[in-house]
Amino acid sequence: MHGFANPKRFLSLAQWLTPLLLASGLIVTAVALFWGVTSVPPDRLMGETVRILFIHVPTAWLGMGGWSAIAISSLVFLVWRHPLAAIAARAAAVPGLVFTIICLATGSIWGRPTWGTWWVWDGRLTSMLVLAFLYLAYIALAQAAEREGVSARIPAIFGLLGAVNIPIINRSVVWWNSLHQPPSITMGKSAIDAVFLQPLLLAVLGFSLIFGGVVLARMRALLADIQAEARLRRRALEAD
Amino acid sequence: MKAKHQRLILIVLALIALIGAGLLASYALRNQASYFYLPEQMAENPPEPGQAVRLGGMVEPGSLEKQADGITVTFAVTGRENSRIPVRFAGILPDLFVEGSGVVAEGRLDAGGTFVADNLLAKHDENYVPRELEGMSEHQAAEMAKETTVGLE
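Next up, the structure:
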């Protein structure tokens, strides 16, 4: 594992892994969504709106998965001081935010015909909105730290602090009476009929591949940025 | 002890303390953070008549009645235990409002113990079942699913 912490070795690996993940993710997601939209029967109560499940659930999981990635990378950065870990954490923030926003938007669109309201302040919806704000704050903090030359340890500590919200989102529908339904998929059991579950799991795989590809692409871009900056600085010194 | 081991122990201890604090706060908030009261919670600790609260639970099967004026409905909400609260609502019912399904009513208790709702929200449960499989036995449903998915693989 330590071998890939070397930026050079990481870059040569990421160079071919990035397009592979992105292309396979797009294909798998397209197949899963086409399957979900065209070949799945309507739900007994929700009817056609059940199809939003195939976007809502994968984006919700990856919205939380993105922050888990930030927290783990931040821990690795704080303890072992690998610079690549700080870059990985920064790279996961924007896709995590985008997926969280898609999750909130699709949930709201589903909520109007199903519950009869666009939004309620129950435990699950509120904690998910807090996650979106945490992402915004993290992105602002990481950018400010880089621009002002402050230690990358500050966004890393924030990334670890924000991880407290992840178990709260997960347990919110169990601890508190909420309008959002309790978890359908728990350890080895599913209350979702196989007709819906199969395209759903395929969509989760497809979205995860896209997420991985975007994170790698952003890590490469951040590394290239750092290199270009260092080269410019060296040139400026030589010119003096 | 190496510096990185010290950092690891320090961070892990800080995280444990933080998560413990988060769990304690969530536990302390469990009543305030709930979106609605179950009928048994409302029966045990009744709010003042006229105070705005939310009541949530199952619409008792067989209890839904339309009143003579055409827009008022009455039904009973049941909770996990043997408790029920009668509800009165005048207005448009959500599409997913059916007997035996979940509901959240926004409104207040009147002096007679009836919950007068201003607004109803349908609560969906965690089960996702295709329309044609509802009410079939497991075996029938499996057969049906096989038939409907022919040609998809």
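Residue numbers (this note's numbering), protein chains in the order written: chain E, 1 to 240; chain W, 241 to 393. Yeah, the Cβ is synthetic: ideal placement off N, Cα and C, and Gly gets one too. As the structure is a computational prediction, the values presented were derived from the model and not from experiment.
1) Classify W:Asn-322 as buried or exposed, calling it buried when 16 or more other Cβ atoms lie within 10 Å of its own Cβ.
2) Using a C-beta to C-beta distance shorter than 8 Å, which residues of chain E count as neighbours of W:Ile-259?
3) Please check if any C-beta of chain W sits within less than 8 Å of the C-beta of E:Val-57.
4) Inspect the beta-carbon positions of E:Ile-168 and W:Gly-262 and report whether they are closer than 8 Å.
5) Indicate whether at least one CB of chain E lies closer than 8 Å to the CB of W:Ala-268.
6) Less than 8 Å between the CB atoms is what I'm expecting for W:Ile-325 and W:Leu-304, so what's the real figure, rounded?
7) Give the DSSP-derived three-state secondary structure of E:Val-195 in the structure shown.
8) Apart from the five residues just before and just after W:Gln-246, which ones in its own chain have a Cβ nearer than 8 Å to its Cβ?
9) Any idea if W:Leu-336 is buried or exposed, counting beta-carbon neighbours within 10 angstroms, 16 or more meaning buried?
10) What are the boundary residues of the alpha helix (DSSP H) that includes W:Gly-353?
11) To which residues of the same chain is E:Met-219 closer than 7 Å at the C-beta, ignoring the five residues directly before and after it?
12) Shortest alpha-carbon distance to E:Ser-74 belongs to which of W:Gly-331, W:Val-369, W:Val-252?
13) Spatial neighbours of W:Asp-365 within its chain, please: CB distance less than 7 Å, with the 5 preceding and 5 following residues excluded, ordered by chain position.
14) Here's the rule: buried if 16 or more other CB atoms are within 10 angstroms of the residue's CB, otherwise exposed. What is W:Tyr-267?
15) How about W:Leu-304: is its C-beta nearer than 8 Å to some C-beta of chain E?
16) For W:Val-327, return the contacting residues in chain E, with the cut-off set at a CB-CB distance below 7 Å.
17) Is E:Leu-11 helix, strand or coil by DSSP?
18) What is the DSSP secondary structure of E:Thr-117, reduced to helix, strand or coil?
19) Any beta-carbon of chain E closer than 8 Å to the one on W:Leu-215?
20) E:Leu-45 and E:Leu-223 - do their beta-carbons sit closer together than 8 Å?
21) With H, G and I counted as helix, E and B as strand and the rest as coil, what does DSSP make of E:Met-187?
22) May I ask which residues mark the beginning and end of the alpha helix (DSSP H) holding W:Arg-270?
23) Once the 5 residues before and after E:Trp-175 are set aside, which same chain residues still bring their CB inside 6 Å of it?
24) Report the residue from W:Ala-292, W:Lys-244, W:Arg-270 whose alpha carbon sits nearest the alpha carbon of W:Ala-345.
25) In chain W, which residues lie less than 9 Å from E:Ser-68 when you measure between Cβ atoms?
26) Can you tell which of E:Val-94, E:Ala-217, E:Val-195, E:Phe-207 has its C-alpha closest to the C-alpha of E:Pro-42?
27) With three or more beta-carbon pairs closer than 8 Å as the criterion, would you say the segment 105–113 of chain E touches the segment 276–287 of chain W?
28) Can you find a C-beta in chain W that's less than 8 Å from the C-beta of E:Pro-42?
29) Starting from E:Thr-49, trace the alpha helix (DSSP H) in both directions and tell me its first and last residue.
30) At a cut of 8 Å, does the segment 131–150 of chain E reach the segment 62–79 of chain E through at least three beta carbon pairs?
31) With a threshold of 8 Å between beta-carbons, can E:Gly-206 be considered close to chain W, or not?
32) With DSSP collapsed to three states, give me the class of E:Met-1.
33) Could you tell me which chain E residues have their CB closer than 9 Å to the CB of W:Pro-370, listed as they occur along the chain?
34) Return the residues of the segment 102–123 of chain E that lie within a Cβ-Cβ distance of less than 7 Å from chain W, sorted by chain order.
35) Against chain E, does W:Glu-339 count as a neighbour if the rule is that its beta carbon must be under 8 Å from one of theirs?
36) Using 8 Å for Cβ pairs, my map puts E:Val-204 next to E:Trp-35. What's the rounded Cβ distance?
By the coordinates alone:
1) Along the second sequence, read from residue 1 onward, the residue named residue 322 of chain W stands at position 82. By the 10 Å Cβ count, W:Asn-322 comes out exposed.
2) Counted from its first residue, the second sequence places residue 259 of chain W at position 19. Correct list: Val-164, Pro-167.
3) Locating residue 57 of chain E in the first sequence gives position 57, counting from the first residue. No, E:Val-57 does not count as interfacial toward chain W.
4) Mapped onto the first sequence, residue 168 of chain E falls at position 168. Mapped onto the second sequence, residue 262 of chain W falls at position 22. In contact: E:Ile-168 and W:Gly-262 (Cβ atoms closer than 8 Å).
5) Stepping through the second sequence from its first residue, residue 268 of chain W is reached at position 28. For W:Ala-268, the answer is no, since every Cβ of chain E falls outside 8 Å of its Cβ.
6) On the second sequence, residue 325 of chain W is found 85 positions in, with the first residue counted as 1. On the second sequence, residue 304 of chain W is found 64 positions in, with the first residue counted as 1. That pair is no contact at about 14 Å.
7) Looking up residue 195 of chain E in the first sequence gives position 195. Three-state result, E:Val-195: helix.
8) Position 6 of the second sequence, counted from the start, is the residue given in the question as residue 246 of chain W. Excluding positions up to five away in sequence, the list is empty.
9) Along the second sequence, read from residue 1 onward, the residue named residue 336 of chain W stands at position 96. W:Leu-336 should be labelled buried.
10) One-based indexing of the second sequence puts residue 353 of chain W at position 113. Run containing W:Gly-353: none; DSSP gives neither H nor E here.
11) Counting from one through the first sequence, the residue named residue 219 of chain E turns up at place 219. Only Ala-14, Ile-87, Ala-88, Ala-91 meet the Cβ criterion.
12) In the first sequence, residue 74 of chain E corresponds to position 74, counting from 1. Of W:Gly-331, W:Val-369, W:Val-252, the residue nearest in Cα terms is W:Val-252.
13) For the purposes of this step, residue 365 of chain W is taken as the residue at position 125 of the second sequence. Excluding residues within five positions, the ones whose Cβ falls inside 7 Å are Gly-342.
14) As a first step, residue 267 of chain W must be located in the second sequence, where it is residue number 27. Exposed, by the Cβ-count rule.
15) As a working note, residue 304 of chain W is residue 64 in the second sequence. Not one chain E Cβ lies under 8 Å of W:Leu-304.
16) Here residue 327 of chain W refers to the residue found at position 87 when the second sequence is read from its first residue. Those within 7 Å of W:Val-327 in chain E number zero; the least Cβ separation is about 15 Å.
17) Residue 11 of chain E sits at position 11 when you count from the first residue of the first sequence. Note: E:Leu-11 maps to helix in three-state DSSP.
18) What you label residue 117 of chain E is simply residue 117 of the first sequence in a count that begins at 1. Reduced to three states, the DSSP call for E:Thr-117 is coil.
19) Nothing about residue 215 of chain W can be reported from this structure: the residues present for chain W run from 241 to 393 only.
20) Looking up residue 223 of chain E in the first sequence gives position 223. Looking up residue 45 of chain E in the first sequence gives position 45. Contact: no.
21) Within the first sequence, numbered from 1, the residue matching residue 187 of chain E stands at position 187. Three-state DSSP puts E:Met-187 in coil, outside helix and strand.
22) Looking up residue 270 of chain W in the second sequence gives position 30. First-last for W:Arg-270: undefined, no H or E at that position.
23) In the first sequence, counting from the first residue as 1, residue 175 of chain E sits at position 175. Counting only Cβ-Cβ distances below 6 Å, and skipping sequence neighbours, we find nothing.
24) The residue you call residue 345 of chain W lines up with position 105 of the second sequence. Measuring from the Cα of W:Ala-345, the nearest candidate turns out to be W:Ala-292.
25) Translated into the one-based positions of the first sequence, residue 68 of chain E becomes position 68. Chain W residues near E:Ser-68: none, gap ~13 Å exceeds 9 Å.
26) The count along the first sequence starts at 1 and reaches residue 42 of chain E at position 42. For the residues E:Val-94, E:Ala-217, E:Val-195, E:Phe-207, the minimum Cα distance to E:Pro-42 belongs to E:Val-195.
27) no
28) For this step, residue 42 of chain E is matched to residue 42 along the first sequence. At least one chain W Cβ lies under 8 Å of E:Pro-42.
29) Counting from 1 along the first sequence, the entry for residue 49 of chain E is found at position 49. Note, E:Thr-49: premise wrong, no alpha helix (DSSP H); not H, not E.
30) yes
31) If you number the first sequence from 1, residue 206 of chain E lands on position 206. By this cut-off, E:Gly-206 is not an interface position.
32) Position 1 of the first sequence, counted from the start, is the residue given in the question as residue 1 of chain E. Confidence is the limiting factor: at E:Met-1 the pLDDT is only 47, short of 50, which leaves the residue's position unreliable, though a coordinate-based value still follows. Coil at E:Met-1, not helix or strand.
33) Numbered from its first residue, the second sequence carries residue 370 of chain W at position 130. Correct list: Val-40, Pro-41, Pro-42, Asp-43, Arg-44, Val-50, Asp-193, Val-195, Phe-196.
34) Pro-113, Thr-114, Trp-115, Gly-116, Thr-117, Val-120, Asp-122, Gly-123
35) By 1-based counting over the second sequence, the position of residue 339 of chain W is 99. By this cut-off, W:Glu-339 is not an interface position.
36) Position 204 of the first sequence holds residue 204 of chain E. Position 35 of the first sequence holds residue 35 of chain E. Contact doesn't hold; Cβ gap of about 13 Å is too wide.
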